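Report on the following structure.
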Amino acid sequence: MHLKIVCLSDEVREMYKNHKTHHEGDSGLDLFVVKDEVLKPKSTTFVKLGIKAIALQYKSNYYYKCDQSKEKSGDTPGIVNTSFLLFPRSSISKTPLRLANSIGLIDAGYRGEIIAALDNTSDKEYVIKKNDKLVQLVSFSGEPLSFELVDELDETSRGEGGFGSTSTKQ
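Residue numbers (full-length UniProt numbering): 1 to 170.
Structure follows, in structure tokens:
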């Protein structure tokens, strides 16, 4: 799977400029915390990760029914936009933090900032620091990821609505 990532500031772009997976065949792409932040005890904090992203894959890897509307004119034939996942990194177990929704689903049409909803299970404040890596992006199949930094993403009807936006009445 290939990710196109938009960095929302020059500072974040510098963080990702030389970033890569640590080992050949790694399934997850670690994401950076982009600023120091204090997480209050026994509460959930929505941590903005300073990037937007889409995932692309070949139709031959697309193991559920492909909606032809996902392909747009001018796109590379046989490449489709697909959903992907936000997982906690295993090292998060060394902290009092947990991903509030266990696994985050980033739908194919979502174009907003990637956000990690983090629970601080401790009775004390917990400080996350810029450059910490607490979560990672993963494909449904677990296949290795590649990525490129881009300046913009295509538009979708879903747009930037996230965290329950598809269940709100219009």
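Think of the CB as a built atom: it goes at the ideal place given N, C-alpha and C, for glycine as much as any other residue. Because the structure is a prediction, the values reported are computed rather than measured.
Check whether residue i and residue j have beta carbons under 8 Å apart
i	j	result
M15	L145	no
I92	L134	yes
L85	L118	no
V80	K94	no
K130	V38	no
R13	L149	yes
T21	A100	no
A55	I5	no
S122	P41	yes
When the options are compared against residue i, the one with the closest alpha-carbon
i	options	result
L3	T44, E24 and I51	I51
G104	K48, K129, P88 and C7	P88
I114	K40, V12, K48 and R13	K48
S27	F140, S102, V150 and A100	F140
L31	F46, D132 and D151	D132
Y126	D10, C7 and D36	D36
Residue i, buried or exposed, once every other Cβ within 10 Å from all chains shown has been counted against 16
i	result
residue 184	Only positions 1 to 170 of the chain appear in this structure, which leaves residue 184 out of reach.
N120	buried
S157	exposed
K65	Its pLDDT being 46, under 50, K65 is placed unreliably by the model, and nothing is read from it.
Start-to-end residues for the alpha helix (DSSP H) that takes in residue i
i	result
K17	D10 to K17
Residue i: first and last residue of the uninterrupted beta strand (DSSP E) it sits in
i	result
D36	Neither: D36 is in no beta strand (DSSP E) and is coded neither H nor E.
L56	I51 to Y58
H2	H2 to C7
K48	S43 to K48
T82	I79 to T82
Report task. Output the residue ranges of the beta strand (DSSP E) runs that lie fully inside the UniProt domain "dUTPase-like" (85 to 166) and measure 3 residues or longer, sorted by chain position. Result -> As far as the UniProt domain "dUTPase-like" (85 to 166) is concerned, its whole beta strand (DSSP E) runs of at least 3 residues are 97 to 99, 104 to 106, 115 to 120, 126 to 128, 133 to 138 and 146 to 149.
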